[in-house]
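S.K.: One structure follows; several queries about it will come next.
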Amino acid sequence: MLTSLLVLISCVAPITGAEVKKFDFSDLPPAVKTVRLTDFFTEIQRESAVPIRFLRADLSLANLAGQTSFFPTETIVRYSVTSDVELENLLAHELGHVFLHVKGLSMDVRTSGLNDEFLNAIRDDISSAVEDYLIVKIMLKRGFRPQLVWENLANNLLNPQYIPPNIVAGDGFQRFAGLRLFCVLNQRGLFGNEVTITREQLEKAAIALQPNIVQHERNYQADVGTLDCNDAQSCFVKTKKLRDAVGFPSVTVRNPKTGIFE
Ligand SMILES: [Zn+2]
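Numbering (the working numbering), first residue to last: 33 to 294.
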């Protein structure tokens, strides 16, 4: 239950809808397969040791959601159905995760101990914080419109679904919501005036939910600064710093130099 509530205020959320059969890039709708997306996919597939397959899920809760999973024999990109232009950019975002994976820039983040849904959600957000930031940069460079994906995230924060007061009152939830706000505001810094939703609007919405959320976001900002990084080691250091700022020491990050989860 908690997870599904969190998903509602989330960005590129885990897919929970009914799934259809796996298919290949060539089977995507023609309008989605723009030259830039085809080029991006072709480049990544060439460097990937396993085939990249797609899986569509029909979601009733969120209109823009994607999730990429890496398996020994294939990489699966799950996505919810959206408009063609949104889908192109959502797939570019998810392929961005595959791109970072083949370049050795994936953040490997684990939770130790119990398989706890809330901790798993924290883990996923800490893992994707740096990656999503880098993906915005990559997408902008390649002529995609990451603003569309961002606006969807920002709108989810501006119009949060109902969350029971006992959950909102929890320190863990407030830290988690602060993390989401921090990531969205960090990415916003890459768009300048190209997006209309402002920091003030996002903070106001967070304060209406629970004032501590903004305080947490500001603390993360002071501790971590921008999510920018440029190689496996600096991205690891940044991700670990973010984990420390958010708390949750049972969430650990793999040090690419030593292979040890710290
Ligand atoms: Zn992502």
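For every residue, glycine included, the Cβ atom is placed at its ideal position computed from N, Cα and C.
What residue from Ile84, Asn147, Arg174 and Asn251 has the CA that sits closest to Val130's CA?
M.R.: Working through the sequence shown from its first residue, we reach residue 130 at position 98. Checked all of Ile84, Asn147, Arg174 and Asn251; the closest Cα to Val130 is Ile84.
S.K.: Would you say the beta carbon of Ser160 is closer than 7 angstroms to some non-hydrogen atom of ligand 1?
M.R.: The residue you call residue 160 lines up with position 128 of the sequence shown. Yes, ligand 1 has a heavy atom inside 7 angstroms of this Cβ.
S.K.: Taking 7 angstroms as the cut-off, is the beta-carbon of Glu163 closer than that to any non-hydrogen atom of ligand 1?
M.R.: Locating residue 163 in the sequence shown gives position 131, where the first residue counts as 1. Glu163: yes, Cβ under 7 angstroms from ligand 1.
S.K.: Using the Cβ count rule (16 or more neighbours within 10 Å means buried), how would you classify Phe55?
M.R.: To locate residue 55, count along the sequence shown from 1; it is residue 23. Under this definition Phe55 is an exposed residue.
S.K.: With Val256 and Lys270 assumed to form a contact (beta carbons below 8 angstroms), what rounded beta-carbon distance in angstroms separates them?
M.R.: Here the question's residue 256 lines up with position 224 in the sequence shown. Here the question's residue 270 lines up with position 238 in the sequence shown. That pair is a contact at about 7 angstroms.
S.K.: When DSSP builds the beta bridges, which residues end up paired with Val283?
M.R.: To locate residue 283, count along the sequence shown from 1; it is residue 251. Beta-bridge pairing links Val283 to Thr143.
S.K.: Pair every Cβ in the stretch 165-180 with every Cβ in the stretch 120-140, then say whether three or more of these pairs are closer than 8 angstroms.
M.R.: As far as the Cβ criterion goes, the stretch 165-180 touches the stretch 120-140, which means the pair count is three or higher.
S.K.: Tell me the residue span of the beta strand (DSSP E) that contains Gln99.
M.R.: Residue mapping note: residue 99 aligns to position 67 of the sequence shown, counting from 1. Taken as a continuous stretch (DSSP letters only), the beta strand (DSSP E) holding Gln99 covers Gly98 to Phe102.
S.K.: Taking the continuous alpha helix (DSSP H) assigned at Tyr111, which residues delimit it?
M.R.: Against the sequence shown, residue 111 aligns to sequence position 79. No alpha helix (DSSP H) contains Tyr111, which is instead part of the beta strand (DSSP E) from Thr107 to Ser112.
S.K.: Pull the bridge partners of Leu87 from the DSSP assignment, please.
M.R.: Position 55 of the sequence shown, counting from 1, holds the residue named residue 87. Arg110.
S.K.: Please state whether the Cβ-Cβ distance between Val246 and Ala238 is less than 8 angstroms.
M.R.: Start at 1 with the first residue of the sequence shown, and residue 246 comes out as number 214. Start at 1 with the first residue of the sequence shown, and residue 238 comes out as number 206. Less than 8 angstroms divides the Cβ of Val246 from the Cβ of Ala238.
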